[in-house]
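Participant: Structure below; questions to follow.
Structure (structure tokens):
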């Protein structure tokens, strides 16, 4: 909580200005890994339409014999260069 009138005043102004100026909102759904978050948590959202590129996705299946991943969408890899895939486990660790 606030410990002084000045702090309460600043916190109130910040809240009012934030409500007026931060007009972008988003609706989204999460998998089971999203259940660890509570209201007030700051999270990162990757919006392909807003960013103009595909940033994330889900691995649907892994075949270790053929060394292939089945993803939740079709992707096109560049014909040359290196492609990097970053995986995160159920605890959010890389």
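Numbering (UniProt numbering), first residue to last: 1 to 94. Glycine residues also receive a C-beta, built at the ideal position from the N, C-alpha and C atoms.
Below 8 Å, can you find three or more Cβ-Cβ pairs linking the segment 27-47 to the segment 75-86?
Facilitator: The segment 27-47 vs the segment 75-86: no contact.
Participant: Excluding five sequence neighbours on each side, which residues of the same chain lie with their C-beta closer than 8 Å to the C-beta of residue 71?
Facilitator: 57, 58, 59 and 60
Participant: Taking the straight line between their C-alpha atoms, what separation do you get for residue 50 and residue 18?
Facilitator: Residue 50 and residue 18 have their C-alpha atoms spaced approximately 21 Å apart.
Participant: According to DSSP, simplified to helix, strand and coil, what is residue 18?
Facilitator: helix
Participant: Could you compute how far the alpha carbon of residue 11 sits from the alpha carbon of residue 37?
Facilitator: 24 Å
Participant: Look up residue 60 in the DSSP assignment and say whether it is helix, strand or coil.
Facilitator: strand
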